[in-house]
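Report on one structure; see the data block that follows.
Numbering (our numbering), first residue to last: -3 to 192.
Structure, rendered in C-alpha cells:
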C-alpha cells in the first residue's frame, strides 16, 4: 500500500519489487487499519522518542536540525508514512486511525507529536499562497522551531525580494493547496516548517 501511495501515485519508478521501505521501519511501531474483509486500507508508523536526547535518530532529523527539541521535557512521537488507499472513502477509516493515535499518545504520556508532510511536485511557485498562509499563521513556536538542514529548501513566506507578510489574496485557495495530511496536523494544533 505504501508503494502505491508514495511511489506509484506520485509517478515514481518501481523500487524494491513494489515495496516501499526505509531504514526507519525497523525502529517504529506500525499501525494498520483493515476493512471488514481484512484488506489493508490505512497505515502509518510511529517512532517513540523517549527523551530529547534521542531526537537525532528520527526520520525528520535527516532534513531538519532538531537541536531545540533535544531538551523537550516529555516523550515525543514521530508520525510517518501515513497513507490511505486512494479509493477508500469511508470516514471511519480516519476515525479509527486517529483514534488509535490518540490512545497511544495518552498511554505513553506523549508531549509532542511531529512528522513530515509533502506538497506534490517540486515547483514551489504554484504553492505561494499556501506557503504565505503557513508562514503567517502556522509557524512552530520559536523555542521548538527546527532549523532546515536539507540541501534544497523553499524559504516560504518571502518573495524573491525577501518581502514577508504578503497579503493572502484568497484564503480558500491557499488552504486548498495545503495537502490533506498537513491540514490535519494543523487542525490538531501543529506548526509548519517548509523544505523542498
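All C-beta atoms in this analysis are idealised placements derived from N, C-alpha and C, irrespective of residue type, glycine included.
So which of 146, 173, -2 has the shortest CA-CA distance to residue 121?
-> For the residues 146, 173, -2, the minimum Cα distance to residue 121 belongs to 173.
What is the residue span of the beta strand (DSSP E) that residue 10 lies within?
-> If you look at residue 10, you'll find it isn't in any beta strand (DSSP E); DSSP assigns it neither H nor E.
Note down the Cα distance separating residue 1 from residue 14, rounded to an integer number of angstroms.
-> In this structure, the alpha-carbon of residue 1 lies about 11 Å from that of residue 14.
Leaving out the 5 sequence neighbours to the left and right, which residues in its chain are closer than 6 Å to residue 179 when beta-carbon positions are compared?
-> Excluding sequence neighbours, residue 179 sits near nothing in its chain.
Minimum C-alpha distance to residue 184 - residue among 134, 139, 27, 117 = For residue 184, the nearest C-alpha among the options comes from 134.
Answer yes or no: the CB of residue 11 versus the heavy atoms of the ligand ZN, is any distance below 7 Å?
-> Because no ligand of any kind appears in the structure shown, any question about the ligand ZN cannot be addressed here.
Say whether the region 128 to 145 touches the region 46 to 63, bearing in mind that this needs 3 or more beta-carbon pairs closer than 8 Å, one atom from each stretch.
-> A contact exists between the region 128 to 145 and the region 46 to 63.
What three-state label does DSSP hand residue 59 in the structure shown?
-> When DSSP states are grouped into helix, strand and coil, residue 59 belongs to the coil group.
Use the C-beta contact count for residue 32: other C-beta atoms within 10 angstroms, 16 or more gives buried, fewer gives exposed.
-> Classification of residue 32: exposed, given that the 10 Å Cβ count is below 16.
What's the call for residue 85, buried or exposed, on a 16-neighbour Cβ count within 10 Å?
-> Residue 85 counts as exposed, since fewer than 16 other beta carbons sit within 10 angstroms of its beta carbon.
Based on the DSSP secondary-structure assignment, which residues constitute the bridge partners of residue 25?
-> Looking at the DSSP assignment, residue 25 forms a beta bridge with 42.
Alpha-carbon to alpha-carbon, residue 110 and residue 127 | Distance from the CA atom of residue 127 to the CA atom of residue 110, rounded to whole angstroms, is 19 Å.
Tell me which same chain residues have a C-beta within less than 8 Å of the C-beta of residue 170, skipping the five on either side of it?
-> 125, 126, 128, 129, 164, listed in sequence order.
8 Å Cβ shell around residue 106 - same chain, five flanking residues per side excluded | For residue 106, the CB contacts under 8 Å within the same chain, skipping 5 residues up- and downstream, are 70, 71, 72, 73, 100 in chain order.
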